[in-house]
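Taking it in order: structure first as structure tokens, then the write-up.
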Amino acid sequence: MDLCNICSQLDLDLDVIEIQHLGPYNEIVQKSHGLGSGRSGCGGCAFFVDVLHNSNSWKHRLQELEGKIVNFNSLHLDVRKPSKSNGSSWGISDLNFDLCTPEDVEDPSPEIDCRRLVVADPSDPRCFERARSWLEDCAGHATCAKPAPAPLPKRVVEIPADSTEAPRLLVTDDDQTGQYVVLSHCWGSLGPAKLTDQLLTQFQEGIPLEQLPRSFLDAIHITRELGFRYLWIDALCISQDNATDWAEEAPKMALYYGQSALMIAATAAEDSSKGLLTERHVPYSPVMGKERKYCLRQKLLRWEWDIEYSVLASRGWAAQERMLAPRVLHYTKRQMIWECIEGFTFEASGIKDTVTGSGQIDMRYHKSKIQPFVMQGLNTRQIASALEQSTPPANSMIPIPQEPTARVRAWYQCMDEFSKRSLTVSSDKLHAISGIASIMNHENQMGTYLAGIWSKHLASGLTWARPWALMKSPPEYRAPSWSWASLDGEVSTTVLASPPELLNPPDTAIGKKWAEKFELELVEESIVLQDPANPYGAVSEGSYIVIDGTCIAKDAFLALSNEKADYLVVGFDKSNAADCPCCGPSDPEDLDEDVAEPSATNAEEADADDYDPRIKPRKPPKNPSDAHFDVAMYVISDAFYKEDGFIDLVLLAWVDEDKKVARRSGFSRMTIEQEEEKLEEFCEAFMGAAWERMRIKFV
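Just so you know, we're using our numbering here: the sequence shown kicks off at -14 and counts up by one.
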């Protein structure tokens, strides 16, 4: 393949960080079509044009590329006006690249990924061969669940090995076992493609394929190709017009997903009509650069980008399904992605991604952190189900983490991940995660469920906060204010950013004094359950808890933070009045300060192409009435045993000050930097501030 002078001379050394000019966009397009003198187009230019034309950044405004300069800077594309072409740059995710060796290299470097070609048609036999190899590899993982026969759901779609025969709905016997696949999908308008009481007999004889949406047809085809006989699809296996059937099946769905051999995820499909086996388009670069050894691949092909930013990933119920399933085969718009305890495996990559497996930081959801506790809970339920069978529980033999706080930290990962998702029915928020909650509270190890947090981990459960966007109240009451489920919006549990010892601090003399002064005590709990038989489900108005805690009045809190804190973060749940104008919550004096009208700023005057959207001019605050608190209650801290520590507090507004009834309005963190030899001195001074022990009723 021909290369132009620029693409043939690119320096693809990983250590090169200076800008390399590819040239004006129009010239790059021209060179992609032909290099003159009868030569074909430049393969490198064609690759860069393909990436730009399909990027989220430019595909909807291609006309704006006219007259722009395209640069290659630290393995990403940077597009600017000519006058800005020498400035600094910042990356856009789908314009970032990995350095790869071609797929036909015999002895690739272990440090450089070997590119794999993604065929356009995911129903190509090579794709099914790849998926079968992933399944086989996963079964051999020491940490992954071992697929084994499990009690079959009440109904499953039975798929004949012969593709000319129609599948049928099988009503199983109580003791019938087998390995089965489940489908996770966005419903959309299913039309006639759903089970009703009237269609039950017909479906048992044979399901009319012409009535099924494309996603269901594709799921049947994939299940057959992977060697499985049974498939569970909610719309086809639960009667959609029978409330009794729904009531009986809904509590079992956690088992259905958790004991499956595999979950197929229609990750890229907006609804059931779109299908899973749709054509993929992945730009490929030729081997280029000075040494002619490497090619480029979009970095997002080695990320979970197409999972995390998919329509399916925005759905609350789908989040629980993904958390429960022992392994998932994602069909994304660019490639297949395999997910199990050991991490992600990408169709476009030759290297397993263990970074997002057991080695990743705790701030994000990871199957490796969750699955052992899910399987433990599921296996316990199965053993206690009075099923007499000779096979061991499905997906058994996963080692349970022994670190004391691992279970509750796994819950916080689930909670934070779930909070990002939307629900068609807003009131389903607690219900849609109740399966995970009930399973993870194995032998009541986390205590009583308090509408989203746990009685045995009260302090850390209160440390949720919004990372960026404002939260909103739902149309109707859904949960009490101490719960993240009371609001719509993403939360981040701050304790996940700290080492596990935060929840199990060192036993020292100063630590004992600190605990005596500040430790929270749950005095009373009254959770009004909508369904008394389900302690993990929806709750009604009137729920409350009473906490004995150490509090400080607002003015004293601000004075203390000015004196002792090196930095103060204040974030109101529903107002940005205290947020820093450039990145987040701001200094204490901003709490009561009137915010001026916005004026011209450097950010506003900057060229749009080098304007970082995170840098925002200060504007009048949103929802100023929600930017209020009366007292701050101490929650958790590591400042009594660490040089660079923090103190977390929940901000409360009085509902009835005389009766000490309050509701949460926000969260605050004081960051403390101190020398080790002055730790005890700081602790004594801090404990001597204007703290007051209060018994507060949270509503």
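We put the beta carbon where it would ideally sit given N, CA and C, even for glycine.
- The alpha carbon of Pro132 has as its nearest neighbour, out of Phe331, Lys457, Gly243 and Met308, the alpha carbon of Gly243.
- Scanning its chain for C-beta atoms nearer than 7 Å, with the 5 sequence neighbours on each side dropped, one finds around Gly362 the residues Ile424, Met425 and His427, in chain order.
- Counting along the chain, Ser622 sits inside the beta strand (DSSP E) bounded by residues Val616 to Ser622.
- With 16 or more neighbouring CB atoms inside 10 Å of its own CB, Gln398 falls in the buried class.
- Bridge partners of Glu677 according to DSSP: Cys536.
- Boundaries of the alpha helix (DSSP H) around His38: Gly28 to His38.
- Secondary-structure assignment with DSSP links Glu658 through a beta bridge to Asp629.
- Here Gln659 is near Asp629, since their CB atoms are less than 9 Å apart.
- DSSP places Ala500 within a helical segment (H, G or I) once states are collapsed to three.
- Per DSSP, the beta bridge partners of Gly163 are Ala135.
- Cβ-Cβ separation between Thr157 and Pro138: approximately 7 Å, consistent with a contact (criterion under 8 Å).
- Ranked by Cα distance from His61, the options Val55, Phe82 and Trp43 are led by Phe82.
- In the structure shown, Phe329 adopts extended strand secondary structure according to DSSP, grouped into three states.
- Bounds of any alpha helix (DSSP H) do not take in Gly556; it lies within the beta strand (DSSP E) bounded by Tyr552 to Phe557.
- A contact between stretches requires three or more CB pairs, one per stretch, nearer than 8 Å, and the segment 447 to 464 meets this requirement with the segment 558 to 565.
- Within the same chain, Cβ atoms closer than 7 Å to the Cβ of Phe671 are found at Lys549, the five residues on either side in sequence being excluded.
- Relative to Ser650, the option among Lys539, Thr656 and Lys414 whose CA is nearest is Lys539.
- Residue pairing by DSSP puts Tyr279 in a beta bridge opposite Met273.
- When only Cα atoms are considered, Met238 and Ser419 end up about 11 Å apart.
- Per DSSP, reduced to three states, the secondary structure at Cys85 is strand.
- If you ignore the 5 residues before and after Ala178, its C-beta comes within less than 6 Å of the C-beta of Gln196, Leu197 and Pro198, all in its own chain and listed in chain order.
- The shortest CA-to-CA distance from Phe542 to any of Ser653, Leu488, Gly522 and Asp641 is the one to Ser653.
- Inter-residue distance for Asn608 and Phe631 is about 28 Å (C-alpha atoms, whole angstroms).
- For Asn519, the three-state secondary structure derived from DSSP is coil.
- The beta-carbon distance between Ile537 and Val616, rounded to whole angstroms, is 7 Å. This is short enough to meet the 8 Å contact definition.
- For the set Thr208, Arg406, Ser118 and Ala235, the Cα lying nearest the Cα of Glu293 is the one of Arg406.
- In the structure shown, Gly527 falls within a coil segment according to DSSP collapsed to helix, strand and coil.
- Annotation: Phe57 is outside any alpha helix (DSSP H); the continuous beta strand (DSSP E) that includes it extends over Ile54 to Asn58.
- By the Cβ test, the segment 139 to 148 is in contact with the segment 218 to 234, since at least three Cβ pairs between them sit closer than 8 Å.
- Spanning the alpha carbons of Ser169 and Tyr241 requires a straight line of approximately 12 Å.
- Straight-line spacing of the CA atoms in Val508 and Asp611 works out to 28 Å.
- Excluding its 5 nearest sequence neighbours in each direction, Ala674 has C-beta neighbours in its own chain below 6 Å: Leu545, listed in chain order.
- For Arg312, there is no enclosing beta strand (DSSP E), as DSSP marks it with neither H nor E.
- Residue environment: Ser40 is assigned as buried (16 or more neighbouring CB atoms within 10 Å of its CB, all protein chains considered).
- Taking the Cβ atoms as the reference, Arg680 lies roughly 57 Å from Glu332, outside the contact range of under 8 Å.
- The C-alpha of Phe403 is placed about 25 Å away from the C-alpha of Leu637.
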